[in-house]
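Going down the list, the sequences are from chains L and Z. The first sequence begins at 0 in our numbering and counts up one residue at a time. The second sequence begins at 0 in our numbering and counts up one residue at a time. These notes concern the structure reproduced below.
2 protein chains.
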Amino acid sequence: MGIRAQQKERTRRALLDAAFNQLSAERSISNLSLREVAREAGIAPTSFYRHFKDMEELGLTMVDEGGLTLRQLMRKGRQRAEEGGSVIRASIETFMEFIDSNPNVFRLLLRERSGTSAAFRAAVTREIRHFIDELSDYLQAKTGRRPDLAYAQSEALVTLVFSSGAEALDLNKKERQALAERLIVQLKMIAKGSEALQRSGREPELENLPK
Amino acid sequence: MGIRAQQKERTRRALLDAAFNQLSAERSISNLSLREVAREAGIAPTSFYRHFKDMEELGLTMVDEGGLTLRQLMRKGRQRAEEGGSVIRASIETFMEFIDSNPNVFRLLLRERSGTSAAFRAAVTREIRHFIDELSDYLQAKTGRRPDLAYAQSEALVTLVFSSGAEALDLNKKERQALAERLIVQLKMIAKGSEALQRSGREPELENLPK
DNA sequence: TCTTTGAGCGTACATCTGTGCGCTATTTTG
DNA sequence: CAAAATAGCGCACAGATGTACGCTCAAAGA
Chain L
0 MGIRAQQKER TRRALLDAAF NQLSAERSIS NLSLREVARE AGIAPTSFYR
50 HFKDMEELGL TMVDEGGLTL RQLMRKGRQR AEEGGSVIRA SIETFMEFID
100 SNPNVFRLLL RERSGTSAAF RAAVTREIRH FIDELSDYLQ AKTGRRPDLA
150 YAQSEALVTL VFSSGAEALD LNKKERQALA ERLIVQLKMI AKGSEALQRS
200 GREPELENLP K
Chain Z
0 MGIRAQQKER TRRALLDAAF NQLSAERSIS NLSLREVARE AGIAPTSFYR
50 HFKDMEELGL TMVDEGGLTL RQLMRKGRQR AEEGGSVIRA SIETFMEFID
100 SNPNVFRLLL RERSGTSAAF RAAVTREIRH FIDELSDYLQ AKTGRRPDLA
150 YAQSEALVTL VFSSGAEALD LNKKERQALA ERLIVQLKMI AKGSEALQRS
200 GREPELENLP K
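Encoded structure:
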């Protein structure tokens, strides 16, 4: 790669880093300003356009990166659990560690999932879907769950874990503990219920899985 | 009430209505502008301060109103189901009708739940908690569920329904149908699982999660 | 009746925003 | 080595925003 392209890449990275860095509990993508991001990245506002067409384009890149980070982490967590122990438990732990060490990345996904940009919402939804799919495959392979049930179950699991993560952000250690215990109970409910439905045969047929 | 107070109330209402009116899929509370709201309400920007200290105060009022609306609706839905039919099914239907006819109020709650203002987040969380509590009481009374299980179950139900509602916003009729069917399956899982846990009698053991 | 109150207005200002334009300096290309 | 491409810059501008200040004038209160 040429010297030119290298430098450009470095600046692009600086922009992304600056943007990530400005995220916080009280600051979301939608109220980052191009000028401020450029300032922190050490370039002139107008130079921003050499790298992104828009703040929206910058944001989409951030969503993609954040989603990728989380997904890779979770995959690792699942592998780690592969040898011994419950996968679900390991996944929760991994997820909670992620939230704890990258709260702003998590907030990013959380917020843009219901944000004002359709493109962002779609991007986050896509990330979460990857997520559900991987867990669903895993459940099918590991517990022989019927595909439709596996998907519904995975979706419910992910939804609850995600939601708990969101709530955890504003809680102290002790409250988090109570939240985590409740979450475990809820996931257990789903596991038991799914098992029961699977056993009860093919009564509830679910054909319409999303593509 | 004096003529003066009446007029003041009317203007205040106009501000709130204008604000609600400007909410949409691509516009959230945090990017409403004081000036624009005042404009639509038909008053000068500076007159805004006669009614609210802040846009934040306006927003909090909106969250409270929105939460109240939803809660009243759900209570009615539950009553309606009281005579005949599953409560859960009736609640879902009521909820989905709400989303369909007040999408922006729902979006308001959805967004501010993870928004950039701690006060907003707390307000929405409080609304949802009311919600869970009412459902939990109902489940205890109706199915004799143990309090802790009833709460965990209610929380899970509300989380899943809320989340489905959020997803439904971006879907067409057919996709919504599939989503609703999946949601029913998930709620069934929880119901069955909760029942099983109640039967098994003891405190939930963390070690028994399926692999 | 006279006085006090306060909702609403218009003006004004400082601040911030995104972005168009043209220039420079350096790398890349031919 | 000359020419083309381009990352980055400074300047400039138009528009929007929140809000301070002081006024008016109708209602409320004495």
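Backbone N, C-alpha and C fix where the C-beta goes; we use that ideal spot for every residue, glycine too.
- The Cβ atoms of Ala149(L) and Gln139(L) sit closer than 8 Å to each other.
- Of all residues in the region 90-101 of chain L, none has a C-beta nearer than 8 Å to a C-beta of chain Z.
- Arg144(L) carries a coil assignment under DSSP once its states are collapsed to helix, strand and coil.
- Sequence-distant partners of Ala37(Z) (beyond 5 residues in either direction) whose C-beta falls short of 6 Å from its own C-beta, in its chain, are Pro44 and Phe47.
- Sequence-distant partners of Ser23(Z) (beyond 5 residues in either direction) whose C-beta falls short of 7 Å from its own C-beta, in its chain, are Asn103.
- Here Met0(Z) is exposed, its C-beta having fewer than 16 other C-beta atoms within 10 Å.
- By the 16-neighbour rule on beta-carbons within 10 angstroms, Glu56(L) is exposed.
- Judged by beta-carbon spacing, Ser116(Z) lies beyond the 8 Å limit of Asn30(L), meaning their Cβ atoms are not closer than that value.
- Met0(Z): not part of any alpha helix (DSSP H); DSSP gives it neither H nor E.
- Contact annotation, Leu159(Z) with Gln185(Z): C-beta distance approximately 5 Å; criterion of less than 8 Å satisfied.
- Counting only Cβ-Cβ distances below 8 Å, Gln185(Z) has contacts in chain L at Ala151, Gln152, Glu154, Ala155 and Ile189, in chain order.
- Listed along the chain, the chain L residues whose CB falls inside 8 Å of the CB of Glu25(Z) are Thr115, Ser116 and Ala117.
- Taking 8 Å as the threshold, the shortest C-beta distance from Asn30(Z) to chain L falls below it.
- In this structure, Arg112(Z) lies near Val123(Z), with their beta-carbon atoms less than 8 Å apart.
- Between Ile98(L) and Leu182(L), the beta carbon gap of about 12 Å keeps them out of contact (Cβ cut-off 8 Å).
- Our two residues, Glu174(Z) and Glu180(Z), have alpha carbons roughly 10 Å apart in a direct line.
- For Asp63(Z), not one C-beta of chain L is nearer than 8 Å to its own C-beta.
- Secondary structure of Arg49(L) (DSSP, three-state): helix.
- Residue pairing by DSSP places Ser29(L) in no beta bridge whatsoever.
- Taking 8 Å as the cut-off, the Cβ atoms of Val86(L) and Ile127(L) do not count as close.
- A direct Cα-to-Cα measurement between Gly66(Z) and Gln176(Z) gives close to 26 Å.
- Cβ-Cβ distances below 8 Å link Leu59(Z) to Ala118, Phe119 and Ala122 in the same chain, with the five nearest sequence neighbours on each side left out; the list follows chain order.
- With contacts defined by Cβ atoms closer than 8 Å, Ile131(L) and Ser153(L) form a contacting pair.
- In the same chain as His129(L), and ignoring 5 residues on each side of it, the C-beta atoms closer than 8 Å to its own belong to Gly66 and Arg70, in chain order.
- The DSSP-derived three-state label of Ser85(Z) is coil.
- Considering only Leu178(L), Glu81(L) and Asp147(L), the residue with the shortest C-alpha distance to Lys141(L) is Glu81(L).
- Our two residues, Leu15(L) and Arg125(L), have alpha carbons roughly 21 Å apart in a direct line.
- Between Lys187(Z) and Gly192(L) a beta carbon distance of about 7 Å is seen, short of the 8 Å cut, so the two are scored as contacting.
- Annotation: the region 91-120 of chain L contains the following complete segments of the alpha helix (DSSP H) (minimum length 4 residues), in chain order: 102-111.
- Taking a 10 Å sphere around the C-beta of Ala4(L), we find fewer than 16 other C-beta atoms and assign the residue as exposed.
- The distance from the Cβ of Arg79(Z) to that of Ala89(Z) is about 6 Å, consistent with a contact at the 8 Å cut-off.
- Of the residues Arg26(Z), Asp63(Z), Ser27(Z) and Ile42(Z), the one whose Cα lies closest to the Cα of Thr10(Z) is Ile42(Z).
- Under the DSSP assignment, Ala177(L) falls in the alpha helix (DSSP H) whose first and last residues are Lys172 to Arg198.
- Residue-level contact by beta carbon fails for Gly143(Z) and chain L, as no gap is shorter than 8 Å.
- Between Leu59(Z) and chain L, the shortest Cβ-Cβ separation is not below 8 Å.
- Apart from the 5 residues on each side of it in sequence, Arg34(L) sits with its Cβ closer than 7 Å to the Cβ of Pro44 in its chain, given in chain order.
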